[in-house]
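Only one structure is covered here, and it is reproduced in the block below.
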Amino acid sequence: MLHKIKPFPLLDPSGRLFALSQTCHGILLINWVMQGMRGMERKELTFRLLLEVALTLFFGLCLETLGAGGALAFFLALLLAHSLNFFFNGQLWVCLRYCHFYRQDPEVIDAWRDRCFERLVDIPIVDEAVCIGSQACGRGTPGERSDIDLRLFFVAGMEDWLAINLLMLRLRTSALFDGIPLDLYACDSPSSLDRFDRRKPVGIIKDRGGRLVRKLGKRGRWLVR
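So in the numbering used here, the last spot in the sequence shown is 272, and the numbers never skip.
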């Protein structure tokens, strides 16, 4: 079983499938299949699907040149593309933190978080960014299993759409190799914050146009100045 219960809304908590999902292998399998797409909004989900299609076509052509049959080549290419998306553009350590063996030094998470936030402030393409949950309190990482719940925001235009998605790919890849549980998504607009429990603290990292301050009011607190 997992270190703590991981909810899956589509599974009956009293059923056998839910019990299987509450194992380390179960949570990895479910997240490999879904890859967090249920929580993605339109602009991020579109990029994720297009990237997977492009990778599948690329690997499929490579496999065909090596002599693999059409259907087999497509299946293997899709499997490879989906797995690469999971590892480099997913949240492997966010999943593994539910497993009993997982530990990460809170000071390591703090240092990585601070560098990430400072970097986001300096990146011109990022207009808005927030941190949600315990990391938004400004008191440091509370435990060895804590994650960094980070949200970026799209503004407008194709250039912004591509740049934000590529930045998330870079941040997720960095977190993968550094062993950091980074729970990162991009929101289509500040109104997306309405989906979160209002009791959760929200820390503002960057708000170039003032949309987040207007949306959050007193609920939002600045983490970086």
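Note that the Cβ used here is the ideal one computed from N, Cα and C, for glycine as well.
Computed from a predicted structure; not experimentally measured.
Candidates the options, of which the one nearest residue i by Cα
i           : options            : result
residue 247 : 260, 229, 268      : 268
residue 137 : 256, 86, 239, 263  : 86
residue 94  : 251, 208, 242, 265 : 208
residue 111 : 124, 174, 250, 179 : 124
residue 230 : 205, 204, 198, 97  : 198
residue 148 : 265, 76, 70        : 70
residue 271 : 181, 217, 160      : 160
residue 245 : 122, 177, 233, 263 : 263
residue 139 : 259, 118, 223, 213 : 223
residue 118 : 127, 107, 265      : 107
residue 164 : 252, 146, 75, 84   : 252
residue 131 : 105, 145, 146, 162 : 105
residue 38  : 243, 260, 113      : No answer is possible for residue 38: the residues shown for the chain start at 48 and end at 272.
residue 126 : 113, 146, 167, 80  : 80
residue 239 : 201, 256, 102      : 201
residue 97  : 256, 261, 212, 221 : 212
residue 256 : 193, 194, 203      : 203
residue 221 : 265, 193, 67, 162  : 162
Residue i, DSSP secondary structure in three states
i           : result
residue 141 : helix
residue 111 : helix
residue 146 : coil
residue 225 : helix
residue 268 : strand
residue 169 : helix
residue 187 : coil
residue 230 : strand
residue 254 : strand
Beta carbon proximity, residue i to chain D, threshold 8 angstroms
i           : result
residue 109 : You won't find chain D in this structure, because it holds only one protein chain.
Residue i, buried or exposed, once every other Cβ within 10 Å from all chains shown has been counted against 16
i           : result
residue 120 : buried
residue 73  : buried
residue 189 : exposed
residue 175 : buried
residue 237 : buried
residue 171 : exposed
residue 218 : buried
residue 63  : exposed
residue 144 : buried
residue 254 : buried
residue 83  : buried
residue 167 : buried
residue 259 : buried
residue 241 : exposed
Sub-8 angstroms separation of residue i and residue j beta-carbons
i           : j           : result
residue 187 : residue 152 : no
residue 88  : residue 234 : yes
residue 91  : residue 129 : no
residue 182 : residue 169 : no
residue 150 : residue 206 : no
residue 155 : residue 228 : no
residue 216 : residue 135 : yes
residue 185 : residue 250 : yes
field: Unbroken stretches of the alpha helix (DSSP H), 4 residues or longer, contained in the segment 68-98
entry: Note on the segment 68-98: whole alpha helix (DSSP H) runs with a minimum of 4 residues are 71-81, in chain order.
Beta strand (DSSP E) runs wholly inside the segment 192-223, at least 3 long, in chain order: Runs found: 195-200.
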